[in-house]
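Protein chains in written order, with my numbering: chain S, 5 to 283; chain Y, 4 to 234.
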Amino acid sequence: MDRTEPEVMEHAKQTQYTSADKKDAGDGGGGGGSVFNGHFDGMVKRPAGGTGHGSDPPAPGAESGSHRPDAAAAADSVMETWKEERTRSVEDNEMNLPSLAAAYTTILRGLGEDPQRQGLLKTPWRAATAMQFFTKGYQEKIIDVLNDAIFDEDHDELVIVKDIDMFSMCEHHLVPIFGRVHIGYLPNKRVLGLSKLARIVEIYSRRLQVQERLTKQIAVAITEALQPTGVGVVIEATHMCMVMRGVQKMNSKTVTSTMLGVFREDPKTRDEFLTLIRC
Amino acid sequence: MNTHKVSDTVEEFHRNNGFSDLVIDGSNSAVHRKRETSRKEAEDKSHLPELEAAYAKILRQLGEDTDREGLLRTPLRAAKAIQFLTKGYHETIDDILNNAIFDEDHDEMVIVKDIDMFSLCEHHMVPFFGKVHIGYIPNKKVVGLSKLARIVEIYSRRLQVQERLTKQIAVGIAEALQPKGVAVVIEAAHMCMVMRGVQKMNSRTVTSAMLGIYLEDPKTREEFLTLSQRA
């Protein structure tokens, strides 16, 4: 590894020592607390004392220190959207199918098509079921999907799962977005089953989404589940709303990234992650 | 050796009115409308409210919160988007050809390839997209090259089935130009197979339509296929 390891560990320790919060992290190598303190800024279950981060002395990472007031507000909104449980159930799906199909029939008529012609006879039902499938992320919760596939491993090197195909729906035009997600994290004694990373991507992408929010939600979910030293998520996607309509730029791609924890503070770690997802 | 003269082929072509069997008997749906209907702005707008209401209902039924900021104007945007994606219903070949047909004493193959195509699957209302390669052998009449791409646009911006789309493009060009032959090949990815259902990411569907001399003469067909597939 090219990272200057001792430096990073040192850094993590420093962060922990300057934290005034009562976090549970008892072990030396920077438990969950050190990671959240300066850099995740409350993107975590707040400790019962509700100290938040306002009372903390600024963490060594200078830029995060100056971020803090804004980051706090931003963190709140991310927390809310992430926690928001708009869960629907399979029964809901079945109940709603007829009125969804009716809506699609209206659309077909409104476009000037004839819903009675052979090719379109069952289209409203097919389209409704398809749309329900494209938004099935609302039916699932992270807890269910992780399936307790969190293991204790004494591993503290980068773990990357890349080229995860992702399909989502643009929440502004209801048109598909598709691309690839690359996830990397630095475990902190706890590793996650690899397919679970892909399942987390599925839960959040199969919704009406905005690419920025999707990236953040994936990163935050992994953080919450594992409390790693750092998480990096990069998404590269094509938006059909730009390709099929509007500006109609065929080859455009949108890239968003979220770097949390040591990925944000340490450029070498981030560099390593970005290099490894390229090759 | 094929002693069939080219002019014979053309005559036969016209005599048989080779495309009559392709006309699907229809109800009065937009797809089969033969007469011209030009979609005016007003007509578009008149349907917007019902489309908007339908999309708002869809959002609610999917369990979303229609009052959140990102979704506030989504029904309107989605309605306009779907109208754009189906604008082909109200365009006709005559409109777009714009008299861009020229008399040229040229009887060699003309190919326009790699035309990006975006359409909607009529079974799931989910996009499918790919590339169209068109070749034709003019019979004293050539057409402006972009008009071939515009013909693709007319027929693809509809609720389609890839087979029908291929044939309609071929027939459209044949009717407009009466060439010696028309060939259309479409290679597309269907999101209804990629994003849902079987979920095969890399699958592609290829359809072709060969009319006139392309159907009869294997060498011509081969020349077209070689030239259009070349990277």
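Just so it is clear, CB atoms sit at the ideal spot from N, CA and C, and this is done for glycine as well.
With H, G and I counted as helix, E and B as strand and the rest as coil, what does DSSP make of S:Ala153?
Residue state, collapsed to three classes: coil.
Using a beta-carbon distance below 7 angstroms, is Y:Phe131 in contact with chain S?
False, the Cβ-Cβ gap to chain S never drops below 7 angstroms.
Given S:Thr258, which residues of its chain have a CB within under 7 angstroms of its CB, disregarding the five upstream and five downstream residues?
Gln215, Ala241, His243, listed in sequence order.
Can you name the residues of chain S whose CB is closer than 9 angstroms to the CB of Y:Tyr58?
Result: Ala107, Ile111, Leu178.
Quick check on S:Arg210: buried or exposed, where buried means 16 or more other Cβ atoms within 10 Å of its Cβ?
By the Cβ-count criterion, S:Arg210 is buried, with 16 or more other Cβ atoms from all chains shown falling within 10 Å of its own Cβ.
State the start and end residues of the unbroken alpha helix (DSSP H) segment that holds S:Ala229.
Start and end: 215 to 230.
Going by Cα to Cα distance, which pick from Y:Asn101, Y:Val115, Y:Tyr158 is closest to Y:Leu228?
Comparing Cα positions, the closest option is Y:Val115.
DSSP beta-bridge partners for Y:Lys144?
Per DSSP, Y:Asp106.
So, Y:Ile140 versus Y:Ile61, is the Cβ gap smaller than 7 angstroms?
In this structure, Y:Ile61 does not lie closer than 7 angstroms to Y:Ile140 by Cβ.
Helix or strand or just coil, what does DSSP make of S:Leu264?
In the structure shown, S:Leu264 sits in a strand (DSSP, three-state: E or B).
Within 8 angstroms of chain S by C-beta, residues of the region 119 to 144 of chain Y in sequence order:
Within the region 119 to 144 of chain Y, the residues whose Cβ lies closer than 8 angstroms to some Cβ of chain S are Asp119, Phe121, Glu125, His126, His127, Met128, Val129, Pro130, Phe132, listed in chain order.
Y:Ile157 to Y:Val174, Cα distance in whole Å?
Those two C-alpha atoms are separated by around 13 angstroms.
Check the C-beta distance from S:Met248 over to Y:Phe105 and give it rounded, since I have them as a contact under 8 angstroms.
Not really, about 32 angstroms apart at Cβ, beyond 8 angstroms.
Count the other CB atoms, across all protein chains shown, that sit within 10 Å of the CB of Y:Leu162; report buried if there are 16 or more and exposed otherwise.
Flag for Y:Leu162 reads buried.
Rounding to the nearest angstrom, what Cα-Cα distance links Y:Met112 and Y:Gly138 in this structure?
Their Cα atoms are separated by approximately 7 angstroms.
If we call anything under 7 angstroms between Cβ atoms a contact, is S:Lys166 one with S:Ile239?
Between S:Lys166 and S:Ile239, the CB-CB gap reaches or exceeds 7 angstroms.
Should S:Ala134 and S:Tyr108 be called a contact, given that it needs their Cβ atoms to be closer than 7 angstroms?
No.
In the DSSP assignment, find the unbroken alpha helix (DSSP H) run with Y:Cys2 in it and report its ends.
Residue 2 of chain Y lies beyond the stretch modelled for chain Y, which goes from 4 to 234, so this question has no answer here.
Whole-angstrom distance between S:Leu101 and Y:Ile154, CA atom to CA atom:
Each residue's alpha carbon lies about 37 angstroms from the other.
With DSSP as the reference, please indicate the residues paired to Y:Phe131 in a beta bridge.
Paired residues: Y:Ser122, Y:His193.
Given a threshold of 16 other Cβ atoms within 10 Å of its Cβ, counted over all protein chains shown, does S:Cys283 qualify as buried or as exposed?
Around the beta carbon of S:Cys283, fewer than 16 other beta carbons sit within 10 angstroms, so the residue counts as exposed.
Which two residues bound the contiguous beta strand (DSSP E) that contains S:Pro180?
Unbroken beta strand (DSSP E) run through S:Pro180: 180 to 190.
Could you name the residues of the same chain whose beta carbon sits closer than 8 angstroms to that of S:Ser81, not counting the 5 residues immediately before and after it, in chain order?
Note on S:Ser81: pLDDT 48, under 50, position unreliable in the model; no value is reported.
Would you mind working out which of S:Phe138, S:Val195, S:Leu162, S:Arg203 sits nearest S:Phe182, comparing C-alpha positions?
Nearest Cα to S:Phe182 within the set S:Phe138, S:Val195, S:Leu162, S:Arg203: S:Phe138.
Option nearest Y:Ile99 by Cα separation, candidates Y:Ala191, Y:Val146, Y:Arg199, Y:Glu72:
Proximity to Y:Ile99 across Y:Ala191, Y:Val146, Y:Arg199, Y:Glu72 peaks at Y:Val146, based on C-alpha coordinates.
Taking 6 angstroms as the cut-off, is the CB of Y:Asp68 close to at least one heavy atom of the ligand COA?
Within the structure as shown, the ligand COA is missing, as the structure has no ligands at all.
Tell me which same chain residues have a C-beta within less than 8 angstroms of the C-beta of S:Val251, skipping the five on either side of it?
Answer for S:Val251: no residue qualifies.
In three-state DSSP terms, what is Y:Ser206?
Coil, per DSSP.
Would you say Y:Ile176 and Y:Thr210 are within 7 angstroms of each other, going by their C-beta atoms?
It is not a contact, given that the beta carbons lie outside the stated cut-off.
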